[in-house]
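A.B. asks: In the order they appear, the protein sequences are chains U and S. The first sequence begins at 50 in the numbering used here and counts up by one. The second sequence begins at 50 in the numbering used here and counts up by one. Beta carbons: idealized from backbone N, C-alpha and C, even for Gly. Only a predicted model underlies this, so the values are computations on that prediction, with no experimental measurement involved. If you scroll down you'll find the structure; I have some questions about it.
2 protein chains.
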Amino acid sequence: MTDYTYTVYYGTFIHLPRLPEQPATPTSPPKHKLSVNHGALWVSQPDGKISGADWEVKDETGLEELIKRMGWRVDGEGAGELVRIVKSRKQRNGFFFPGFIDCHIHAPQYPNSGIFGSSTLLDWLETYTFPLESSFGNKENPSEAPQSAHTAYNRVVSKTLSHGTTCAAYFATIHVPATNLLATICHTKGQRALVGRVCMDNHDLCPDYYRDESTASSLAATKATIAHIHTLDPSSTLIRPIITPRFAPSCTPSALSQLGALAASTSPPTPIQTHISENLTEISLVAELFPTAKSYADVYDSAGLLTPYTILAHAVHLSAKERALVAARRSAVAHCPASNSAIGSGLCPVRELLDDGITVGLGTDVSGGWSPSILEAVRQTCLVSRLVRFGNTGAAAAGEKGMGREKISVEEGLYLATRGGARVVGLQDVIGGFEVGMYWDAQMVEIGSPVDAGNDGSREGNTSNVDIFGWESWGEKIAKWVWNGDDRNVKAVWVAGRLVHGEAC
Amino acid sequence: MTDYTYTVYYGTFIHLPRLPEQPATPTSPPKHKLSVNHGALWVSQPDGKISGADWEVKDETGLEELIKRMGWRVDGEGAGELVRIVKSRKQRNGFFFPGFIDCHIHAPQYPNSGIFGSSTLLDWLETYTFPLESSFGNKENPSEAPQSAHTAYNRVVSKTLSHGTTCAAYFATIHVPATNLLATICHTKGQRALVGRVCMDNHDLCPDYYRDESTASSLAATKATIAHIHTLDPSSTLIRPIITPRFAPSCTPSALSQLGALAASTSPPTPIQTHISENLTEISLVAELFPTAKSYADVYDSAGLLTPYTILAHAVHLSAKERALVAARRSAVAHCPASNSAIGSGLCPVRELLDDGITVGLGTDVSGGWSPSILEAVRQTCLVSRLVRFGNTGAAAAGEKGMGREKISVEEGLYLATRGGARVVGLQDVIGGFEVGMYWDAQMVEIGSPVDAGNDGSREGNTSNVDIFGWESWGEKIAKWVWNGDDRNVKAVWVAGRLVHGEAC
Numbered sequence: 050m051t052d053y054t055y056t057v058y059y060g061t062f063i064h065l066p067r068l069p070e071q072p073a074t075p076t077s078p079p080k081h082k083l084s085v086n087h088g089a090l091w092v093s094q095p096d097g098k099i100s101g102a103d104w105e106v107k108d109e110t111g112l113e114e115l116i117k118r119m120g121w122r123v124d125g126e127g128a129g130e131l132v133r134i135v136k137s138r139k140q141r142n143g144f145f146f147p148g149f150i151d152c153h154i155h156a157p158q159y160p161n162s163g164i165f166g167s168s169t170l171l172d173w174l175e176t177y178t179f180p181l182e183s184s185f186g187n188k189e190n191p192s193e194a195p196q197s198a199h200t201a202y203n204r205v206v207s208k209t210l211s212h213g214t215t216c217a218a219y220f221a222t223i224h225v226p227a228t229n230l231l232a233t234i235c236h237t238k239g240q241r242a243l244v245g246r247v248c249m250d251n252h253d254l255c256p257d258y259y260r261d262e263s264t265a266s267s268l269a270a271t272k273a274t275i276a277h278i279h280t281l282d283p284s285s286t287l288i289r290p291i292i293t294p295r296f297a298p299s300c301t302p303s304a305l306s307q308l309g310a311l312a313a314s315t316s317p318p319t320p321i322q323t324h325i326s327e328n329l330t331e332i333s334l335v336a337e338l339f340p341t342a343k344s345y346a347d348v349y350d351s352a353g354l355l356t357p358y359t360i361l362a363h364a365v366h367l368s369a370k371e372r373a374l375v376a377a378r379r380s381a382v383a384h385c386p387a388s389n390s391a392i393g394s395g396l397c398p399v400r401e402l403l404d405d406g407i408t409v410g411l412g413t414d415v416s417g418g419w420s421p422s423i424l425e426a427v428r429q430t431c432l433v434s435r436l437v438r439f440g441n442t443g444a445a446a447a448g449e450k451g452m453g454r455e456k457i458s459v460e461e462g463l464y465l466a467t468r469g470g471a472r473v474v475g476l477q478d479v480i481g482g483f484e485v486g487m488y489w490d491a492q493m494v495e496i497g498s499p500v501d502a503g504n505d506g507s508r509e510g511n512t513s514n515v516d517i518f519g520w521e522s523w524g525e526k527i528a529k530w531v532w533n534g535d536d537r538n539v540k541a542v543w544v545a546g547r548l549v550h551g552e553a554c
Numbered sequence: 050m051t052d053y054t055y056t057v058y059y060g061t062f063i064h065l066p067r068l069p070e071q072p073a074t075p076t077s078p079p080k081h082k083l084s085v086n087h088g089a090l091w092v093s094q095p096d097g098k099i100s101g102a103d104w105e106v107k108d109e110t111g112l113e114e115l116i117k118r119m120g121w122r123v124d125g126e127g128a129g130e131l132v133r134i135v136k137s138r139k140q141r142n143g144f145f146f147p148g149f150i151d152c153h154i155h156a157p158q159y160p161n162s163g164i165f166g167s168s169t170l171l172d173w174l175e176t177y178t179f180p181l182e183s184s185f186g187n188k189e190n191p192s193e194a195p196q197s198a199h200t201a202y203n204r205v206v207s208k209t210l211s212h213g214t215t216c217a218a219y220f221a222t223i224h225v226p227a228t229n230l231l232a233t234i235c236h237t238k239g240q241r242a243l244v245g246r247v248c249m250d251n252h253d254l255c256p257d258y259y260r261d262e263s264t265a266s267s268l269a270a271t272k273a274t275i276a277h278i279h280t281l282d283p284s285s286t287l288i289r290p291i292i293t294p295r296f297a298p299s300c301t302p303s304a305l306s307q308l309g310a311l312a313a314s315t316s317p318p319t320p321i322q323t324h325i326s327e328n329l330t331e332i333s334l335v336a337e338l339f340p341t342a343k344s345y346a347d348v349y350d351s352a353g354l355l356t357p358y359t360i361l362a363h364a365v366h367l368s369a370k371e372r373a374l375v376a377a378r379r380s381a382v383a384h385c386p387a388s389n390s391a392i393g394s395g396l397c398p399v400r401e402l403l404d405d406g407i408t409v410g411l412g413t414d415v416s417g418g419w420s421p422s423i424l425e426a427v428r429q430t431c432l433v434s435r436l437v438r439f440g441n442t443g444a445a446a447a448g449e450k451g452m453g454r455e456k457i458s459v460e461e462g463l464y465l466a467t468r469g470g471a472r473v474v475g476l477q478d479v480i481g482g483f484e485v486g487m488y489w490d491a492q493m494v495e496i497g498s499p500v501d502a503g504n505d506g507s508r509e510g511n512t513s514n515v516d517i518f519g520w521e522s523w524g525e526k527i528a529k530w531v532w533n534g535d536d537r538n539v540k541a542v543w544v545a546g547r548l549v550h551g552e553a554c
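Dropping the structure here:
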């Protein structure tokens with residue numbers, strides 16, 4: 050491979066500018082606006098970070114002038130630093146966009162995508178999920194992951210990359226070899242990831258065929274995967290471990306506390322992920338199992354699990370007190386609307402979470418959610434926010450503050466999918482946008498060339514479900530992409546400057 | 050073209066058997082089950098109807114035996130009737146499925162798909178919809194449709210066909226030439242369609258730039274498009290006219306009554322389509338505009354517009370009395386969940402409609418709905434039915450009857466998309482399933498070949514978003530198709546035996 054100093058990306062660059070951290074005032078939702086720039090941006094080869102950008106470069110001549118001015122060369126001869134050029138195609142409405150961040154996905158459940166019948170959370174776990182997850186252990190050779198784990202994990206990482214997901218917070222299973230395999234596959238394929246072995250040591254609640262043998266073994270197994278990941282990626286640049294008590298009912302109080310202590314024992318503290326307040330029956334169960342706790346959130350807080358490095362999946366039915374506690378601890382929420390709708394968990398009032406100052410990102414929650422796509426999560430976020438006023442009392446209260454405030458716009462959905470997610474996984478300074486110094490974690494999207502009277506059929510084959518008629522602004526094109534786009538529109542994906550999916554032009 | 054007597058389709062055939070018309074008893078939702086058959090089915094060439102089927106044909110040898118037994122020949126020589134063979138591919142999980150029926154779609158709005166911001170119904174009409182629809186008139190040459198109408202209508206018909214829609218009930222605009230053009234394009238491309246010119250003669254409510262000049266001109270224009278469609282397709286086999294008062298607020302009481310009388314004046318009566326009870330503000334407006342009417346439904350009933358040939362789009366917020374009235378008149382509902390969620394109209398309690406004996410089919414409602422796909426409508430139907438218990442009081446009442454009853458299964462969603470839609474458009478005896486005597490209105494779907502350990506990447510390029518792992522039953526494969534499938538999986542589409550999209554193998 051030739052030693053380039055920089056890769057120069059040329060074309061249209063769209064991202065969502067960072068907003069200040071303060072919560073919006075109750076009468077005005079935050080105004081998220083797309084930043085659309087045309088020009089050139091360059092990424093340094095050794096570290097995959099954005100080195101500079103020039104939005105005065107208007108055309109190919111301007112690009113040549115930039116190269117000359119910077120003293121670069123694009124072929125093997127002469128002096129100057131060698132660069133290569135990657136272009137987005139204007140005639141196909143191409144643009145560069147930050148990679149998506151999936152804040153909550155169960156990698157082993159991927160083969161079950163779309164299979165959930167009419168179940169709700171607890172029977173869904175028993176019927177569909179625990180049987181599949183338990184198969185990631187290898188009865189004949191417990192020290193190795195079974196072939197099916199190789200198949201599923203290779204596929205889910207390839208699949209999420211193909212949908213533009215450059216960073217994911219994965220739940221694996223209870224099995225150390227398979228969890229380590231997932232971390233290795235992410236590392237090999239180049240997807241940024243947090244990988245967690247699932248802790249399930251409560252023998253009263255977890256099925257005989259799928260649980261940790263003891264609290265001690267649960268802790269030991271967790272430490273073993275953390276050690277593997279540190280060996281795999283000593284700098285924690287690409288892959289990081291994450292402590293993963295499945296959810297309160299699956300863990301003993303002792304395990305919860307020890308996991309909290311384990312997270313706090315490292316410097317920086319190890320991230321934590323779990324589920325909270327997803328389903329009404331689950332919430333009753335937690336109240337029953339932890340009779341002295343003030344709330345579901347308090348169960349985690351008492352165990353030291355609500356930290357600034359904690360990702361709480363779902364949070365559909367949090368009380369105002371719980372929201373205040375989560376905000377005070379600076380823990381973050383992974384909003385999983387596809388899953389919440391698919392298994393009928395409820396309508397999460399995201400605006401209330403945001404108003405209370407809670408950081409929110411998006412999760413696919415495969416396979417409670419049917420789709421590996423964060424673009425689908427953006428759509429479902431928008432939809433649920435338009436229905437929430439017909440739902441729970443909290444939303445009705447929000448409605449009083451200002452009709453329509455609860456709605457998440459396409460732009461805000463994309464913000465949650467990129468900037469929001471970056472904050473959720475603690476990487477807001479290095480991913481989620483196109484600032485100089487950030488990693489080039491990005492996707493090249495092509496919406497497709499415009500339909501015209503002589504071209505009403507298949508256009509370039511079957512390459513896009515989005516139809517552009519030629520009069521759309523960038524804002525309208527982006528809305529069309531969000532609503533009807535899919536993996537076909539994702540032409541190339543990079544993580545830290547490395548091409549990890551598709552082809553660059 | 051060679052004169053085949055029959056086309057013999059060979060492979061896997063899946064449809065939903067017809068259920069009796071009686072409403073389900075309140076304690077047990079109807080049990081929709083997939084009918085999965087392997088074998089051969091043949092369609093007669095002249096009329097495009099299913100002539101016979103043989104589910105004993107197990108393999109290629111069996112197929113050869115069938116051909117011999119029937120006295121057919123597959124090439125140009127010898128005696129016997131000439132047939133051609135079309136196969137679904139087992140290795141790609143291919144199957145034949147009835148074409149989808151879109152019971153409610155606004156053809157002119159297609160270019161706006163995905164563009165609606167955070168609007169709700171009435172401001173959405175003013176901001177996005179009326180300006181676009183008004184452009185289908187031609188100011189320079191009022192007797193011809195403008196070029197943009199050719200582009201949009203060619204595209205929407207091609208697009209819906211490519212998503213497997215073999216029959217659609219279209220709203221056009223107020224313009225006669227463009228409405229006639231839409232009917233002609235459907236006829237030319239071979240899509241079964243009901244095409245309606247939109248009536249909007251209420252000058253108090255319709256914008257100056259987009260309305261019928263008078264009640265008389267509204268009626269005359271409606272009759273002109275009906276006449277065009279009868280000339281185009283005298284037997285009404287493929288294209289039928291449909292009387293289309295946009296919705297109560299856009300029409301004068303006089304126009305509503307005259308349109309009702311016009312529908313009743315033909316034999317058989319002309320079908321009718323309109324909107325009902327979509328949005329709470331709209332419902333208040335109707336109550337204000339029609340102070341003597343007992344309800345929104347009563348406005349239509351008083352005008353003679355609630356008939357067994359009437360399609361009512363949305364019906365999100367009908368009262369129990371209105372549901373009883375609609376059921377008594379045997380009018381049908383086009384459920385449009387994507388649109389209802391996208392523009393925040395509400396959660397339609399479909400189970401209540403079905404329990405009350407109302408016929409329900411699915412509509413995309415492009416572009417209130419963002420997607421031209423009825424498969425997407427099936428997904429949204431399932432999702433909304435899982436959220437409705439968190440919504441309005443009606444659903445809470447349904448919940449009391451039996452927790453989970455309100456949920457629409459994948460199978461029931463597909464039933465609504467095929468059999469339900471066929472009843473909505475009055476064609477339940479000739480489309481919607483694979484019975485002998487029905488038209489071959491069908492799609493050939495390929496879910497894709499299974500993922501395996503050595504094949505975790507792009508498989509056959511980018512040809513399916515659905516991942517099959519090899520252990521799935523047909524029920525599970527169909528669930529995976531419904532949740533993650535799209536137009537890529539639609540390999541060929543036929544209407545009345547004519548190939549109207551894709552390629553047959």
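1. Could you give the distance in angstroms between the alpha-carbon of residue 299 of chain U and the alpha-carbon of residue 174 of chain U?
2. For a cutoff of 9 angstroms on Cβ pairs, would you count residue 529 of chain U as touching chain S?
3. Mind listing the chain S neighbours of residue 395 of chain U? Cutoff is C-beta to C-beta under 8 angstroms, in chain order.
4. Along the alpha helix (DSSP H) that carries residue 267 of chain S, what are the first and last residues, could you check?
5. Compare the C-alpha of residue 376 of chain U against each of U:393, U:183, U:402 and U:112 and name the closest.
6. Can you look up residue 136 of chain U in the DSSP assignment and give me helix, strand or coil?
7. Is residue 501 of chain S helix, strand or coil when you go by DSSP?
8. Alpha carbon to alpha carbon, how far is residue 160 of chain U from residue 530 of chain S?
9. Closer than 9 angstroms by beta-carbon distance: list the chain S residues that pair up with residue 404 of chain U, in chain order.
10. Short of 7 angstroms Cβ to Cβ, which residues in the segment 405-432 of chain S face chain U?
11. Taking only runs of the alpha helix (DSSP H) that begin and end inside the segment 131-209 of chain S, which ones reach a length of at least 4 residues, in chain order?
12. Could you give the DSSP three-state label for residue 447 of chain S: helix, strand or coil?
13. Using a Cβ-Cβ distance cut-off of 9 angstroms, determine whether residue 515 of chain U contacts chain S.
14. With 16 as the cutoff for other CB atoms within 10 Å, does residue 118 of chain U come out buried or exposed?
15. Could you compute how far the alpha carbon of residue 496 of chain S sits from the alpha carbon of residue 123 of chain S?
16. For residue 526 of chain U and residue 516 of chain U, what's the separation of their Cα atoms in angstroms?
17. Just the C-alpha distance for residue 631 of chain U and residue 345 of chain U, rounded to the nearest angstrom, thanks.
18. Just the C-alpha distance for residue 223 of chain S and residue 178 of chain S, rounded to the nearest angstrom, thanks.
19. At 4 residues or longer, what runs of the alpha helix (DSSP H) sit wholly inside the segment 318-404 of chain S?
20. Could you check whether residue 545 of chain U and residue 98 of chain U sit closer than 9 angstroms to each other, using their CB atoms as the reference points?
21. Does residue 96 of chain S come within less than 9 angstroms of chain U when only Cβ atoms are used?
22. Please name the residue in S:141, S:311 and S:56 whose C-alpha comes closest to that of residue 269 of chain S.
23. Note down the Cα distance separating residue 276 of chain S from residue 282 of chain S, rounded to an integer number of angstroms.
24. Compute the distance between the beta-carbons of residue 260 of chain U and residue 252 of chain U, then report whether it is under 9 angstroms.
25. Nearest to residue 539 of chain U by alpha carbon, out of U:384, U:434 and U:512?
26. Which whole runs of the beta strand (DSSP E) in the segment 72-134 of chain U are 3 residues long or more, in chain order?
27. If you draw a straight line from the C-alpha of residue 295 of chain U to the C-alpha of residue 337 of chain U, how long is it?
28. Looking at residue 410 of chain U: is its Cβ nearer than 9 angstroms to the Cβ of residue 369 of chain U?
C.D. replies: So, from the data block:
1. 11 angstroms
2. yes
3. Chain S residues near residue 395 of chain U: 436 and 439.
4. 264-281
5. U:402
6. strand
7. strand
8. 13 angstroms
9. Simply none; closest approach about 17 angstroms.
10. 419, 420 and 432
11. For the segment 131-209 of chain S, whole alpha helix (DSSP H) runs of length 4 or above, ordered along the chain, are 170-173 and 179-183.
12. For residue 447 of chain S, the predicted model reports a pLDDT of 44, less than 50, meaning its position is unreliable and no value from the coordinates is stated.
13. Closer than 9 angstroms to some Cβ of chain S, the Cβ of residue 515 of chain U qualifies, so yes.
14. exposed
15. 28 angstroms
16. C-alpha separation (whole angstroms): 9 angstroms.
17. What the structure shows of chain U is the stretch from 50 to 554, and residue 631 of chain U is not part of that stretch, so it cannot be assessed.
18. 13 angstroms
19. 329-338, 345-351, 369-377, 386-391 and 399-404
20. Going by beta carbons, residue 98 of chain U and residue 545 of chain U fall inside the 9 angstroms limit.
21. no
22. S:311
23. 10 angstroms
24. yes
25. Closest option to residue 539 of chain U, judged by alpha-carbon separation, among U:384, U:434 and U:512: U:512.
26. 84-93 and 99-103
27. Near 18 angstroms, if we compare the C-alpha coordinates of residue 337 of chain U and residue 295 of chain U.
28. no
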